[in-house]
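Comments concern the structure below.
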Amino acid sequence: MKCKTRDEMAQRLAQDISDGAYVNLGIGIPELVTKYVPNGREFIYHTENGLLGMGPSPEEGKGDHELINAGKRQVTALPGAAYFHHADSFSMIRGGHLDLCVLGALQVASNGDLANWSTGVANAIPAVGGAMDLVAGVKSIYVLTQHCTKNGEPKLVDACTYPLTGCGVVNRIYTDLAVIEVTLKGFQLVELSDGVPYQYVQDRTGAPLLPIKE
Amino acid sequence: MKCKTRDEMAQRLAQDISDGAYVNLGIGIPELVTKYVPNGREFIYHTENGLLGMGPSPEEGKGDHELINAGKRQVTALPGAAYFHHADSFSMIRGGHLDLCVLGALQVASNGDLANWSTGVANAIPAVGGAMDLVAGVKSIYVLTQHCTKNGEPKLVDACTYPLTGCGVVNRIYTDLAVIEVTLKGFQLVELSDGVPYQYVQDRTGAPLLPIKE
Amino acid sequence: MIDKRVSSVAEAVADVFDGATVMIGGFGEAGSPIELIHALIDQGATNLTVVNNNTGSGEVGLAALIKAKRVANMICSYPRTSNSTVFPELYHNKEINLELVPQGTLAERIRAGGSGIPAFYTPTAVGTPLGEGKELRLFKGRNYVLEHGLTADFALIKGQTADQHGNIVYNKTARNFAPIMAMAGKVTISQAAQVVDLGELDPETIITPGIFVQRVVEVRNPALESTLVAAGETYP
Amino acid sequence: MIDKRVSSVAEAVADVFDGATVMIGGFGEAGSPIELIHALIDQGATNLTVVNNNTGSGEVGLAALIKAKRVANMICSYPRTSNSTVFPELYHNKEINLELVPQGTLAERIRAGGSGIPAFYTPTAVGTPLGEGKELRLFKGRNYVLEHGLTADFALIKGQTADQHGNIVYNKTARNFAPIMAMAGKVTISQAAQVVDLGELDPETIITPGIFVQRVVEVRNPALESTLVAAGETYP
Numbered sequence: 110m111k112c113k114t115r116d117e118m119a120q121r122l123a124q125d126i127s128d129g130a131y132v133n134l135g136i137g138i139p140e141l142v143t144k145y146v147p148n149g150r151e152f153i154y155h156t157e158n159g160l161l162g163m164g165p166s167p168e169e170g171k172g173d174h175e176l177i178n179a180g181k182r183q184v185t186a187l188p189g190a191a192y193f194h195h196a197d198s199f200s201m202i203r204g205g206h207l208d209l210c211v212l213g214a215l216q217v218a219s220n221g222d223l224a225n226w227s228t229g230v231a232n233a234i235p236a237v238g239g240a241m242d243l244v245a246g247v248k249s250i251y252v253l254t255q256h257c258t259k260n261g262e263p264k265l266v267d268a269c270t271y272p273l274t275g276c277g278v279v280n281r282i283y284t285d286l287a288v289i290e291v292t293l294k295g296f297q298l299v300e301l302s303d304g305v306p307y308q309y310v311q312d313r314t315g316a317p318l319l320p321i322k323e
Numbered sequence: 110m111k112c113k114t115r116d117e118m119a120q121r122l123a124q125d126i127s128d129g130a131y132v133n134l135g136i137g138i139p140e141l142v143t144k145y146v147p148n149g150r151e152f153i154y155h156t157e158n159g160l161l162g163m164g165p166s167p168e169e170g171k172g173d174h175e176l177i178n179a180g181k182r183q184v185t186a187l188p189g190a191a192y193f194h195h196a197d198s199f200s201m202i203r204g205g206h207l208d209l210c211v212l213g214a215l216q217v218a219s220n221g222d223l224a225n226w227s228t229g230v231a232n233a234i235p236a237v238g239g240a241m242d243l244v245a246g247v248k249s250i251y252v253l254t255q256h257c258t259k260n261g262e263p264k265l266v267d268a269c270t271y272p273l274t275g276c277g278v279v280n281r282i283y284t285d286l287a288v289i290e291v292t293l294k295g296f297q298l299v300e301l302s303d304g305v306p307y308q309y310v311q312d313r314t315g316a317p318l319l320p321i322k323e
Numbered sequence: 013m014i015d016k017r018v019s020s021v022a023e024a025v026a027d028v029f030d031g032a033t034v035m036i037g038g039f040g041e042a043g044s045p046i047e048l049i050h051a052l053i054d055q056g057a058t059n060l061t062v063v064n065n066n067t068g069s070g071e072v073g074l075a076a077l078i079k080a081k082r083v084a085n086m087i088c089s090y091p092r093t094s095n096s097t098v099f100p101e102l103y104h105n106k107e108i109n110l111e112l113v114p115q116g117t118l119a120e121r122i123r124a125g126g127s128g129i130p131a132f133y134t135p136t137a138v139g140t141p142l143g144e145g146k147e148l149r150l151f152k153g154r155n156y157v158l159e160h161g162l163t164a165d166f167a168l169i170k171g172q173t174a175d176q177h178g179n180i181v182y183n184k185t186a187r188n189f190a191p192i193m194a195m196a197g198k199v200t201i202s203q204a205a206q207v208v209d210l211g212e213l214d215p216e217t218i219i220t221p222g223i224f225v226q227r228v229v230e231v232r233n234p235a236l237e238s239t240l241v242a243a244g245e246t247y248p
Numbered sequence: 013m014i015d016k017r018v019s020s021v022a023e024a025v026a027d028v029f030d031g032a033t034v035m036i037g038g039f040g041e042a043g044s045p046i047e048l049i050h051a052l053i054d055q056g057a058t059n060l061t062v063v064n065n066n067t068g069s070g071e072v073g074l075a076a077l078i079k080a081k082r083v084a085n086m087i088c089s090y091p092r093t094s095n096s097t098v099f100p101e102l103y104h105n106k107e108i109n110l111e112l113v114p115q116g117t118l119a120e121r122i123r124a125g126g127s128g129i130p131a132f133y134t135p136t137a138v139g140t141p142l143g144e145g146k147e148l149r150l151f152k153g154r155n156y157v158l159e160h161g162l163t164a165d166f167a168l169i170k171g172q173t174a175d176q177h178g179n180i181v182y183n184k185t186a187r188n189f190a191p192i193m194a195m196a197g198k199v200t201i202s203q204a205a206q207v208v209d210l211g212e213l214d215p216e217t218i219i220t221p222g223i224f225v226q227r228v229v230e231v232r233n234p235a236l237e238s239t240l241v242a243a244g245e246t247y248p
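Residue numbers (my numbering), protein chains in the order written: chain A, 110 to 323; chain B, 110 to 323; chain C, 13 to 248; chain D, 13 to 248.
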């Protein structure tokens with residue numbers, strides 16, 4: 110049984126992105142997707158703070174403090190890039206112009222509900238950023254996450270217990286164990302990681318997992 | 110008795126525009142205002158089709174077919190000018206960023222209602238352009254018009270009979286006979302053209318005209 | 013390699029379908045994508061709903077499309093123009109419907125449509141015939157009408173310079189409705205006088221980012237409506 | 013001669029009053045008008061409502077303004093940042109109120125405020141805690157929440173190059189909220205690394221037309237938040 114590493118998860122997801130797609134990558138594991146663009150394809154990255162055509166991090170010392178991504182890290186701008194203001198940036202998001210957003214998750218429910226911005230702890234400072242806009246507006250939402258929390262709790266659940274980011278928004282989930290589609294009937298297994306048994310994944314999933322369609 | 114000419118009307122109005130004002134001029138008599146900017150003042154002209162800092166017509170043969178004003182005549186762009194798209198242009202208008210709009214009128218009512226886009230004739234093709242946005246959004250609306258129609262009917266009336274452009278929007282009226290402020294009490298005479306008697310103007314005004322305040 | 017260039021205006025508009033809503037850029041002749049409109053006339057799609065500020069002039073461009081009776085519904089702010097005889101005739105014969113929208117409301121509806129905003133409130137047209145029948149609502153003591161976002165199956169626009177990603181810059185007041193129509197069109201097609209290599213446009217000065225544009229076609233010396241009208245040209 | 017230049021950041025913010033709503037540009041350190049914020053700290057206005065995407069970092073700029081207890085209400089999308097200790101402390105002590113707004117809704121509310129749109133509907137936050145208590149409405153079978161336009165008494169922004177009419181261009185992603193805050197501020201004050209003569213900015217490439225800007229002040233070598241924080245600087 111071979112659970113996928115974070116890099117392998119990102120690589121697997123990248124295979125499902127079509128050539129020419131406009132993509133917004135969340136902070137964390139989703140950023141690894143840029144390392145695994147399949148041969149012959151080109152993706153254009155959008156960062157909600159006002160850049161389309163985002164390139165990799167600059168060489169040490171060659172960056173601009175005012176050329177950053179949504180994670181506030183320095184990036185570069187590729188040929189064909191464009192800068193714009195925040196309202197235009199979220200017009201792209203809310204208006205359905207982006208093809209794909211890849212996000213992390215605290216929980217995903219079998220009806221596609223996503224919780225990824227707050228654990229709802231009473232004393233925590235809430236912070237949402239652009240997550241709610243992204244899930245409400247981008248054509249496809251792929252979640253890239255470990256199948257379970259560090260404590261072994263399922264992240265794929267029957268109903269989210271954490272505060273929601275959006276209702277019925279997630280299309281696909283890529284984990285260390287499997288690729289799962291969110292359908293009207295619930296979680297639909299698409300693919301298992303090498304040698305991972307179905308039951309192993311079902312046992313770690315908090316809702317029924319429909320077996321791979323023949 | 111000396112009724113003002115169109116040029117004199119425009120010149121009189123121009124005296125009431127403060128230095129640095131952002132001004133939108135309607136088509137027709139209002140365009141004459143640009144000829145009479147008082148010494149020491151500078152106005153910045155906005156044309157709703159996407160230019161701030163509009164200058165005079167180009168020299169014959171030196172214009173650009175795609176540098177036009179709202180009346181679709183060729184104009185020029187002065188140093189400090191900026192181009193923008195239609196939504197931004199009407200953000201300026203609707204958002205109250207323009208100081209003054211000077212418009213012609215079919216009728217102005219004593220409550221500030223303006224009718225200037227349609228005579229309501231059954232078979233006419235209606236056309237409104239940006240007039241309704243301008244009167245709804247610009248800080249001050251000055252009407253520049255002959256006091257009466259060609260048939261001698263009053264244009265300043267108790268209530269408009271033509272379809273409205275906006276309700277309670279007109280601040281001041283500059284005619285060949287007088288300068289009139291629209292107040293909560295109705296038409297308030299501010300100034301008479303040289304030698305024009307009060308009664309002469311009142312006779313040609315379709316609503317009570319409060320005499321000049323002492 | 014992402015490349016949105018197509019080789020002809022005919023190819024660019026090939027899939028416009030009967031009954032489509034088509035936004036067409038331009039304010040008067042400034043920004044009017046005449047070559048794309050003429051290609052649309054050749055292409056034959058009919059029963060169109062067209063969104064443009066005006067209705068064209070003479071018998072070229074938008075006026076020619078209307079004269080060819082391809083346009084069932086016209087959404088615009090100012091259908092009367094000098095040299096505009098085509099629209100009035102069809103309108104009086106009840107062969108074309110008109111939805112008259114104040115210019116700023118038209119612009120905002122288009123921008124809203126492209127921005128995923130289904131509806132908004134505006135002070136424009138309150139208490140006028142164009143506000144009649146619309147939902148009124150008070151905010152801070154002032155009345156506003158509810159207006160709805162507007163989208164289109166296709167948007168035809170005219171740029172000055174474009175690249176293969178669909179980034180566009182415009183010429184002066186030819187910009188007008190093009191950037192917002194590009195946002196509101198499901199398929200946005202831009203003609204441009206020049207298509208340059210990627211990286212030649214400064215990312216700081218791009219007006220329409222390529223994400224809003226699906227096809228770009230180079231039309232090197234675009235015709236001007238007024239020149240064609242003055243020459244008595246008609247299309248086809 | 014129209015000339016919106018003022019000679020110092022102190023003069024630029026002199027009339028900010030207690031209880032004012034102040035929009036402050038910037039996303040993280042990109043576009044943060046640090047010198048204007050520091051001038052505002054010196055100026056002393058208090059009980060402010062501040063609109064910014066974040067809450068600053070370290071103890072300079074916005075974080076320093078908050079630390080000085082001048083900010084009663086914070087409207088932002090992401091109050092947590094690395095190196096952000098000032099806001100959490102005051103928040104936990106209930107010395108500052110937080111209105112949390114999704115980033116795109118925040119941007120759209122600011123743009124609406126500057127555009128004379130009192131309210132609009134958005135799909136963002138429907139069914140989430142941030143949509144609770146808000147008016148819901150169906151359009152074409154989908155639910156949206158009503159959101160209101162946001163304006164400010166003052167907007168403090170940072171440009172790259174400006175002219176005396178207040179036209180502004182920005183540096184890369186420092187643009188972020190500045191153009192829309194300029195629209196929404198009754199008095200918009202921009203610092204700029206360079207103020208050039210009228211006509212030097214290309215009218216095609218101006219991002220913020222001067223009509224949205226009331227004051228411009230040249231700040232030649234603006235400080236960067238991260239540099240100050242790394243150096244352990246505090247203000248005042």
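Don't be surprised by glycine CBs; every beta carbon is placed ideally from N, CA and C.
Near chain A, meaning a CB-to-CB distance below 8 Å, the residues of the stretch 179 to 193 of chain C are N179. With fewer than 16 other CB atoms across the displayed protein chains lying within 10 angstroms of its CB, A243 (chain C) is exposed. Of the other Cβ atoms in all chains shown, 16 or more fall within 10 Å of the Cβ of D175 (chain C); this residue is therefore buried.
Among the residues facing chain A, T97 (chain D) is not included, as its CB has no counterpart in that chain under 7 Å away.
Contact of Y154 (chain B) with chain C by beta-carbon distance below 8 Å is absent, the smallest such distance being about 13 Å.
Apart from the 5 residues on each side of it in sequence, P234 (chain C) sits with its Cβ closer than 7 Å to the Cβ of I46, E47, K170, Q203 and A205 in its chain, given in chain order. For D175 (chain C), the enclosing beta strand (DSSP E) covers residues A164 to D175. Non-local C-beta neighbours of T136 (chain D) in its own chain, meaning closer than 7 Å and more than five positions away in sequence, comprise P114, G116 and T117, ordered along the chain. Taking the Cα of F39 (chain D) as reference, the smallest distance to any Cα among A:V305, A:F193, A:A179 and A:N133 is reached at A:A179.
Judged by pairs of C-beta atoms under 8 Å, the stretch 186 to 206 of chain A touches the stretch 127 to 143 of chain C, as three or more such pairs exist.
Taking 7 Å as the threshold, the shortest C-beta distance from T163 (chain C) to chain D does not fall below it. Rounded to the nearest whole angstrom, the CA to CA distance from V72 (chain C) to K16 (chain C) is 27 Å. Not a single CB atom of chain C sits nearer than 7 Å to the CB of F39 (chain D). Counting of Cβ neighbours within 10 angstroms places Y307 (chain B) among the exposed residues, the total staying below 16. Listed along chain D are L210 and G211, each with a C-beta nearer than 7 Å to that of P188 (chain B). The alpha-carbon of L301 (chain B) is positioned some 17 Å away from that of T292 (chain B). Apart from the 5 residues on each side of it in sequence, L168 (chain C) sits with its Cβ closer than 6 Å to the Cβ of I36, P45, L48 and I201 in its chain, given in chain order.
Taking the C-beta atoms as reference points, A236 (chain B) is found no nearer than 7 Å to Y103 (chain C).
Judged by beta-carbon spacing, A218 (chain B) lies beyond the 7 Å limit of A287 (chain B), meaning their Cβ atoms are not closer than that value. Here DSSP, grouped into helix, strand and coil, assigns R154 (chain C) to strand. Neighbours of G164 (chain B) in chain D, taken as residues at a C-beta separation under 7 Å, are lacking, since the least C-beta distance is about 11 Å. Close partners of G197 (chain C) in chain A (Cβ separation under 8 Å) are lacking, with about 11 Å as the shortest Cβ gap. Taking a 10 Å sphere around the C-beta of N133 (chain A), we find 16 or more other C-beta atoms and assign the residue as buried.
Across the stretch 65 to 98 of chain C, CB contacts with chain B closer than 7 Å involve S89, Y90, P91 and R92, in sequence order along the chain. For E237 (chain C) and N64 (chain C), the gap between their C-alpha atoms comes out near 15 Å. Taking L210 (chain D) as reference, the option from B:A123, B:D303 and B:L187 with the minimal CA-CA separation is B:L187. Proximity of S202 (chain D) to chain B, defined by a Cβ-Cβ separation below 7 Å, is not satisfied.
In chain order, I223 make up the part of chain C whose C-beta sits under 7 Å from the C-beta of M201 (chain A). Interface annotation for the stretch 109 to 123 of chain C against chain B: L110, L112, V113, P114, Q115, G116, T117, L118, A119, E120, I122 and R123, criterion Cβ-Cβ distance under 9 Å. Our two residues, V305 (chain B) and M110 (chain B), have alpha carbons roughly 5 Å apart in a direct line. Looking at D:V241, D:I219 and D:N155, the one whose alpha-carbon comes closest to that of H195 (chain A) is D:I219.
Only those residues of the stretch 261 to 278 of chain A whose C-beta falls short of 8 Å from the nearest C-beta of chain D are listed: P272, L273, T274, G275 and C276. Neighbours of H160 (chain D) across chain A, judged by C-beta separation under 7 Å, do not exist; the nearest C-beta is about 15 Å away. Under the three-state reduction of DSSP output, R149 (chain D) falls in the strand class.
Contact annotation: the stretch 212 to 228 of chain A touches the stretch 269 to 280 of chain A, with at least three C-beta pairs closer than 8 Å.
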